[in-house]
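Okay, so here's the structure we're looking at.
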Amino acid sequence: MKIQFTVDRLERVCTQDISYPNAFMLKKGMSAIIPVYALHMNPEYYPDPQTYNPDRFSADSKRARAGDESLFLGFGSGNRACLGMRFAKDNMKLGLAHLLHNFRFVPVQETREPPHIEVGMLGLSHNDECWVGIEKLGK
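Going by the working numbering, the final residue of the sequence shown carries number 145, and the count climbs one at a time with no gaps.
If you want it as structure tokens, here you go:
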């Protein structure tokens, strides 16, 4: 569901020779760079990638991408994936549910559409101020 990423690529070292027919070969010890940002922003995999669309991760959408689990790498993959992935996801859901239950978020005059994203040496950053209005819901 993320549109803003903290890491734009994953880097791994091959532990064995791997050959992809009609494509390329990676030798043991070679570095491989997986372009996470490019995968997540590719309209072939995620139509209109700059638009926030949580339905991309619905059960139907996931089934449509069956066999392509490597297309979403928000937490990495394999034995070096983020250890706190499930904990982080559960906490984000609880926090978001609490915020949406108690507040309404609205654009204000200063809200920049779309936000300005910069690609740097260590990943992506959003260096501008992010203005949004928050209204407490009366319950």
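Glycine is no exception: its CB is placed at the ideal position from the N, C-alpha and C atoms.
{"query": "Can you tell me whether DSSP reads residue 36 as helix, strand or coil?", "result": "coil"}
{"query": "Which residue's Cα is closest to the Cα of residue 35: 98, 28 and 22?", "result": "22"}
{"query": "Using alpha carbons as the reference points, say which of 19, 117 and 14 lies closest to residue 85.", "result": "19"}
{"query": "Mind pulling the beta strand (DSSP E) runs of 3 or more residues that sit fully within the region 44-113?", "result": "109-112"}
{"query": "Grouping DSSP H, G and I as helix and E and B as strand, with all else coil, what is residue 42?", "result": "helix"}
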